[in-house]
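In this note's numbering, the protein residues as written are 31 to 314.
For glycine and all other residues, C-beta sits at the position ideal for the given N, C-alpha and C.
Owing to the predicted nature of the structure, the values given are computational and were not obtained by experimental measurement.
Have a look at the structure below, then the notes.
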């Protein structure tokens, strides 16, 4: 079973450094090392292995690592290569293993297969697999741990009870804009207004206007008591939105002009089933 993800970023040097900057934020000796290649010596706890400490060698080895990853066609082999070789190089001051675990999912998602998680393998097995590489140049245990982790991950992610849906990258990148736009539409336009939504996207200079406008509409249609906080809205905003919807329905029934033509086809949020109960939290 596949789930294509066309917006997957390339497994490039910049991508690896960006991932490291995100997963290491606030965890290193200085902010300057977040996403930066190491230029000083580091030691690996519990191992006699000494990673290279020459900045020039580290930079060259990192470039070679990225180049070799790009030459591998099999997504599972790519994922395994990153999982073991980035910690082996210790390209960054710290957080190399967690960077490699996140980066390993890029070729898997690009191939439309289940992502990888090491949640179901013990830390001891994971560390021993890497130590086998550090000390003995033996990849066999690391390979076994990788396969075990992937099989268990695949079973979890593709369970019939799990719905796995990846939003388009443009939605992920513009989440804050969309949330702000929804708040503005609800507070100042009485709900979804296509012309106003398109104007917001145009003013921001964003591409994929239809995708973003449709997302705004779906966000507003999905508003409920539980997700208002995400958009900086309150219960009064939701009640006003539902009240405007009831007014619109009355106008349409009487043949009068409604809330404007630019919101044609918009479905207001459904009232909560708790609204019709005297005391929804009473038991017995």
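TODO: Enumerate in chain order the residues of its own chain whose CB-to-CB distance from residue 117 is below 7 Å, with the five nearest sequence positions on each side excluded.
DONE: 126, 127, 130 and 160
Task: Per-residue DSSP class, three states only, for residue 246 - done: In the structure shown, residue 246 adopts helical secondary structure according to DSSP, grouped into three states.
Task: Closest by C-alpha distance to residue 111, when choosing among 39, 172 and 213 - done: 172
- [ ] Identify, in the order they occur along the chain, each residue of the same chain with its Cβ nearer than 8 Å to the Cβ of residue 67, setting aside the five sequence neighbours on each side.
- [x] Cβ contact annotation for residue 67 (same chain, cutoff 8 Å, sequence separation greater than five): 47, 85, 88, 89, 92, 121 and 122, in chain order.
TODO: Indicate whether residue 163 and residue 114 have their beta-carbon atoms separated by less than 8 Å.
DONE: yes
Open item on the list: Taking only three categories from DSSP, how would you classify residue 257?
Closed with: coil
- [ ] Tell me whether residue 80 is buried or exposed, calling it buried when 16 or more other Cβ atoms sit within 10 Å of its Cβ.
- [x] exposed
Task: C-beta atoms of residue 209 and residue 270 nearer than 8 Å - done: No, Cβ-Cβ distance for residue 209 and residue 270 is not below 8 Å.
Open item on the list: Using 8 Å as the cut-off, can you tell me whether the region 197-206 makes contact with the region 142-161, which would need three or more C-beta pairs spanning the two stretches below that distance?
Closed with: Result no; under three Cβ-Cβ pairs closer than 8 Å.
Task: Beta carbon of residue 134 nearer than 8 Å to that of residue 109 - done: yes
Task: Through-space distance from residue 201 to residue 267, alpha-carbon basis - done: 24 Å
Open item on the list: Excluding the 5 residues flanking residue 249 on each side, which residues of the same chain have their C-beta closer than 6 Å to its C-beta?
Closed with: 212
Task: Rounded straight-line distance, which links the Cα of residue 273 to that of residue 291 - done: Because the pLDDT at residue 291 is just 45, under 50, the model does not fix this residue reliably, and the value given afterwards should be weighed accordingly. Going by the C-alpha atoms only, they are around 18 Å apart.
Open item on the list: What would DSSP say about residue 63, mapped onto helix, strand or coil?
Closed with: helix
- [ ] List the endpoints of the continuous alpha helix (DSSP H) containing residue 102.
- [x] First-last for residue 102: undefined, no H or E at that position.
Task: Whole runs of the alpha helix (DSSP H) within the region 122-178, excluding any shorter than 4 residues - done: 126-133, 135-140 and 153-166
Task: Residues near residue 158 in its chain [Cβ-Cβ closer than 7 Å; skip 5 each side] - done: If we look at residue 158 and ignore the five residues flanking it on each side, its Cβ neighbours are 171.
Open item on the list: Whole angstroms are fine: how far does the CA of residue 45 sit from the CA of residue 64?
Closed with: 13 Å
Open item on the list: Mapping the DSSP letters down to three states, classify residue 71 as helix, strand or coil.
Closed with: If DSSP states are grouped into helix, strand and coil, residue 71 belongs with coil.
Task: Local conformation of residue 232 per DSSP, three classes - done: helix
Open item on the list: Quick check on DSSP: helix, strand or coil for residue 85?
Closed with: In the structure shown, residue 85 falls within a helical segment according to DSSP collapsed to helix, strand and coil.
Task: residue 52 beta carbon near the ligand FAD (any heavy atom closer than 7 Å) - done: The model depicted lacks the ligand FAD and carries no ligand whatsoever.
Task: Proximity of residue 99 and residue 41 at Cβ, strictly below 8 Å - done: yes
Open item on the list: Is the separation between the beta-carbon of residue 156 and that of residue 175 shorter than 8 Å?
Closed with: Going by C-beta atoms, residue 156 is nearer than 8 Å to residue 175.
Task: From 136, 103, 107 and 216, residue whose alpha carbon lies closest to that of residue 252 - done: The candidate whose alpha carbon is nearest that of residue 252 is 216.
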